[in-house]
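Beneath this line is the structure, given in structure tokens, with notes to follow.
Numbering (our numbering), first residue to last: -14 to 151.
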């Protein structure tokens, strides 16, 4: 009986050690460290049909929808980070849903203008994507929840994106 007890105790200790080690070794997921109240929910599933042009096969990538659903940010540098020193850039592919009607303002700029405000602060920056929604590198100066006001071709939408510390 004594050897069975030792074997059982050894197994329990070994399993407890493995469980603790694997739990502490895993980096926190971006969702776990997202600031409270930030609506920047990253979807991991299929891109909508209107946003999957140029992708082959099962078009799955991390992405965030605009509040109106008129634009989607496909995150190639997920999670987005501040002062990234390793890995891919903060590459975002902006894909706009095709407009149901032509822009009422034919002179409206096609440039995507991103006005980003850091939640809980007065920090505000502007970034642009020449030619309208498309590939971009969007670096922001601080970690946190950024509220983005997006304008292009006479259209608007908003979204929140979380940038983590490097």
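Every residue, glycine too, gets a C-beta built ideally from N, C-alpha and C. This structure is a prediction, so every number in the text was calculated from the model and none was measured.
Contact belief for residue i with residue j at Cβ below 8 Å, rounded distance in angstroms
| i | j | result |
| --- | --- | --- |
| residue 125 | residue 101 | 6 Å |
| residue 58 | residue 144 | 7 Å |
| residue 96 | residue 117 | 6 Å |
Residue interval of the beta strand (DSSP E) (run including residue i)
| i | result |
| --- | --- |
| residue 166 | As shown, the chain starts at -14 and ends at 151. That puts residue 166 outside it, with no answer to give. |
| residue 70 | Counting along the chain, residue 70 falls outside any beta strand (DSSP E), and DSSP gives it neither H nor E. |
| residue 143 | 140 to 148 |
| residue 57 | 56 to 60 |
| residue 65 | Unbroken run through residue 65: none, as it is neither H nor E. |
| residue 120 | 120 to 122 |
Contact set for residue i: own chain, Cβ-Cβ below 7 Å, skip 5 residues either direction
| i | result |
| --- | --- |
| residue 55 | 81, 82, 140 and 142 |
| residue 73 | 61 and 62 |
| residue 148 | 65, 66, 67, 125, 128, 129 and 131 |
Candidates the options, of which the one nearest residue i by Cα
| i | options | result |
| --- | --- | --- |
| residue 132 | 104, 47, 38 and 60 | 104 |
| residue 42 | 32, 138 and 53 | 32 |
| residue 76 | 52, 27, 37 and 60 | 60 |
| residue 29 | 70, 106, 47 and 110 | 47 |
| residue 136 | 44, 36 and 90 | 90 |
| residue 26 | 87, 40 and 50 | 50 |
| residue 53 | 116, 38, 113 and 24 | 24 |
Where residue i sits in the DSSP three-state scheme
| i | result |
| --- | --- |
| residue 90 | coil |
| residue 36 | helix |
| residue 81 | strand |
| residue 129 | strand |
| residue 24 | coil |
| residue 106 | coil |
| residue 47 | coil |
| residue 152 | No answer is possible for residue 152: it lies beyond the span of the chain, which begins at -14 and ends at 151. |
6 Å CB neighbourhood of residue i in its chain, flanking five on each side removed
| i | result |
| --- | --- |
| residue 78 | 59 and 120 |
Proximal residues to residue i (C-beta, below 8 Å), its chain only, five neighbours per side dropped
| i | result |
| --- | --- |
| residue 45 | 29, 30, 31 and 32 |
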